[in-house]
Structures are given as structure tokens and as C-alpha cells.
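Colleague: The numbering of the sequence shown is the UniProt record's numbering, which starts it at 1 and goes up by one.
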Amino acid sequence: MTIESLGGRFILAPLAGYTDKAFREIAREKGADAAVTEMVSAEGLARDGEKTKALLERFPGEERLIIQIFASSDDPVERCMDNLLQYNPSVIDINCGCPVPKVVKTGAGSALMKNPEMIGKIIRTIKKHTDIPVSVKFRLGWDSSSINYLEFAGIAAEAGAEMLTLHARTRAQGYSGFAEKEAFRILADHFSDSDILIFGSGDVFTPEDALSLINDYSLDGVMFARGAIGNPFIFRETKELVANGSYSLPSLDEKIETAKKHLRLMIDYYGENIACREMRKHLMAYIKGIKGSAKTKLAISSAVTEKEMIEALSLLSE
Numbered sequence: 001m002t003i004e005s006l007g008g009r010f011i012l013a014p015l016a017g018y019t020d021k022a023f024r025e026i027a028r029e030k031g032a033d034a035a036v037t038e039m040v041s042a043e044g045l046a047r048d049g050e051k052t053k054a055l056l057e058r059f060p061g062e063e064r065l066i067i068q069i070f071a072s073s074d075d076p077v078e079r080c081m082d083n084l085l086q087y088n089p090s091v092i093d094i095n096c097g098c099p100v101p102k103v104v105k106t107g108a109g110s111a112l113m114k115n116p117e118m119i120g121k122i123i124r125t126i127k128k129h130t131d132i133p134v135s136v137k138f139r140l141g142w143d144s145s146s147i148n149y150l151e152f153a154g155i156a157a158e159a160g161a162e163m164l165t166l167h168a169r170t171r172a173q174g175y176s177g178f179a180e181k182e183a184f185r186i187l188a189d190h191f192s193d194s195d196i197l198i199f200g201s202g203d204v205f206t207p208e209d210a211l212s213l214i215n216d217y218s219l220d221g222v223m224f225a226r227g228a229i230g231n232p233f234i235f236r237e238t239k240e241l242v243a244n245g246s247y248s249l250p251s252l253d254e255k256i257e258t259a260k261k262h263l264r265l266m267i268d269y270y271g272e273n274i275a276c277r278e279m280r281k282h283l284m285a286y287i288k289g290i291k292g293s294a295k296t297k298l299a300i301s302s303a304v305t306e307k308e309m310i311e312a313l314s315l316l317s318e
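#1: Quick one: what's got a C-beta closer than 8 Å to Glu318's C-beta in the same chain, skipping five residues either side?
#2: Excluding the five sequence neighbours on either side, which residues of its own chain have a C-beta within less than 6 Å of the C-beta of residue 319, listed in chain order?
#3: Count the C-beta pairs between the segment 100–107 and the segment 127–135 that are closer than 8 Å, then say yes if the count reaches three, no if not.
#4: Got a sec? Which residues, its chain only, sit under 6 Å from Ala111 by beta carbon, not counting five neighbours each side?
#5: What three-state label does DSSP hand Cys276 in the structure shown?
#6: For a test of the three-state rule: what should DSSP assign to Val77, helix, strand or coil?
#7: Using only the alpha-carbon positions, how far apart do Phe191 and His262 sit?
#8: Just confirm the distance between the C-beta atoms of Thr19 and Val36, as a whole number of angstroms; I'd bet it's less than 8 Å.
#9: Using alpha carbons as the reference points, say which of Arg64, Arg47, Glu180 and Ser302 lies closest to Ser90.
#10: Would you say the segment 171–181 touches the segment 148–159, given that touching needs at least three Cβ pairs under 8 Å?
#11: Applying the 10 Å Cβ sphere with the 16-neighbour rule, what's the burial state of residue 336?
#12: Please report how far the alpha carbon of Asn115 lies from the alpha carbon of Ala156, in whole angstroms.
#13: Just grab the DSSP bridge partners of Thr165 for me.
#14: May I ask you to verify whether the segment 272–281 touches the segment 297–313, counting CB pairs closer than 8 Å and requiring at least 3?
#15: Kindly give me the distance between the Cβ atoms of Ala259 and Leu283, rounded to whole angstroms, as I take these residues to be in contact under 8 Å.
#16: Are there 16 or more other CB atoms within 10 angstroms of the CB of Ser201, so buried, or fewer, so exposed?
#17: So what's Leu219 in DSSP terms, helix, strand or just coil?
#18: Bridge partners of Ser41, per DSSP?
See the structure below:
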């Protein structure tokens, strides 16, 4: 797998509860080279679960899609492959980083950092069924006393992974503290003689953060996670920074219009009730830091219809 076949260096990371097809569509429009689904349960997919399959729906024209699955062992992965391949993923990504207790207690997500041999089994299981590229998203280790990301990455690479994405925190850290960015350099150096793509994630909140990971830490690319919520413009800004050495911030009007489009897409895909409920967190992020947004935040928190949400956003321009 190459950067060109992947689509580019700047990717929307998998974010549970966020990276549905509406958000992916907005991110791609604003410059994301590719996007990853929300994490998909291999067991749920094996059981043909409707809610699970809904996470794999593409937006119109979304030809390139990275599908992320999570599992505690190779067994549900084996059983889900027929269903998974029907969705024609561009890349199959394995979640070894989610720190959420309900995922970890099943042995999936970042719990796999305690069982590195299992990632090899999972990758080899996928490789039995398809030549679609496999990637792995993982953490530094379970906690500060068990930092094993190099060992983990080595097992994944030996099993056939073509891309590795490190979130440079331990599971114990969750999303707190700061990413240990020196680990990016160590990982990139470790695989400098291979064709494996090395990506980074964690604490990427500005275009400068992203460019630093590539220029200063020798990474092939970046996955934008929390830094893209309410700020899909970060993809365009980063590309402008790479090309020109500077970038332009979105105007208030562009932020409002993008938020409105995001809302309309959500309504088109999921209906008004679900869309308005799910959009609250997105809209709060879109208007974060905007002067005089207190009234808008209050109105969004109680809005239950498209009209009420549009009216809430209109308060920003008054």
C-alpha cells in the first residue's frame, strides 16, 4: 500500500458516535483524503446485526472508505469476513486503541495491547480471505509499566499489516495528559527500511501539529480525531500550510453554512429526530470559541427540530 493508493496523508480518524457518513462527507468536502468508519463490532457483523451494518453505509460518491473493526480474538473476525467484504473496504483497520471500559472488558480495543500475539492471529485471519490492505491503530501500551508498542507493531507487521497508526498514549491515560510524541519518531525509525506506512494520532489540533508529525517525526501521515470535530476545515488548512507555508481560517459565515449543511445531511440520512439529537454535540463544537455564542449554545441544547437549530445558529450573526 502506498500513500497514493490510500488517497493521501490526511485522514479522518475513527470516532465512535461521530464519524458517520454525514460527518465523513463534510470532512471529505473540506479536504480529508480518506475517512474511517466508526468502529464496527466483528461479532455484530458476523451476526448480521442491522445496527452494525448501518455503520458501514457510504455517502453518495464515497468510493474510498477505511472500515475499522474491533474484536477480542480471531474467531469473530473469521465469521464476519463474508459480510465485511460485501462492503468493499479500501482498507480494513483493526482497533487496538479504544480505551472505553465496555469495549476493553470484552478483551477488544486497547485490551489487545496486553495480548500482542492475538493481533497477529487477527491479521492472518483477514489475510486468508482477502488481499485488501490491513492497518492497525494501537496505543503505547496498557499503562506506563507495560509500554510495548514496538513489540506490538512488529507482530502486526510480520503478520502482514501494511499500515500502522499509533495513538501515543497508554490505555490508562485515555485521552488525558499529552501524547508522547517521541514515540512517533521511534516507531518511524524502527520501520524506516520497510514499506509499511506509519501514521500518528493524538493531540493534532492545528495544521502545525499535523505538519510537525510529518516533518519533525518522520511520519507518513496523520489521522485527525478530536481536532476535526466541529473543525473539518483543518484538512484544507493543513494542505494549504504544506503547499504555501500559511493558511486561511474559515469565516464565521463558512462555519455556520457548513454546520447547516452537516445538519441537513444528518436529516437526509437519519431523519429529523435522530439528526437533531446527534447534531447537538457537533454544533457545540462548530461554535466553540466564537465570541457571543452563549445564547446559541443554550438554544442548541433545547432544539429538537431543524427549524429550531437553524434559528439557534442565526443568533451568531445578530
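A virtual CB, placed ideally from N, CA and C, is assigned to each residue, including glycine.
Modeller: On the basis of the supplied data:
#1: Residue placement at Glu318 cannot be trusted, given a pLDDT of 47 that sits under 50; what the coordinates show is reported in the next sentence. Contacts found: none.
#2: Given a span of 1 to 318 for the chain in the structure shown, any question on residue 319 remains unanswerable.
#3: no
#4: Val104
#5: helix
#6: helix
#7: 39 Å
#8: 6 Å
#9: Arg64
#10: no
#11: Beyond the ends of the chain as shown, which are 1 and 318, falls residue 336; an answer cannot be given.
#12: 12 Å
#13: Lys137 and Phe199
#14: yes
#15: 6 Å
#16: buried
#17: coil
#18: Phe70
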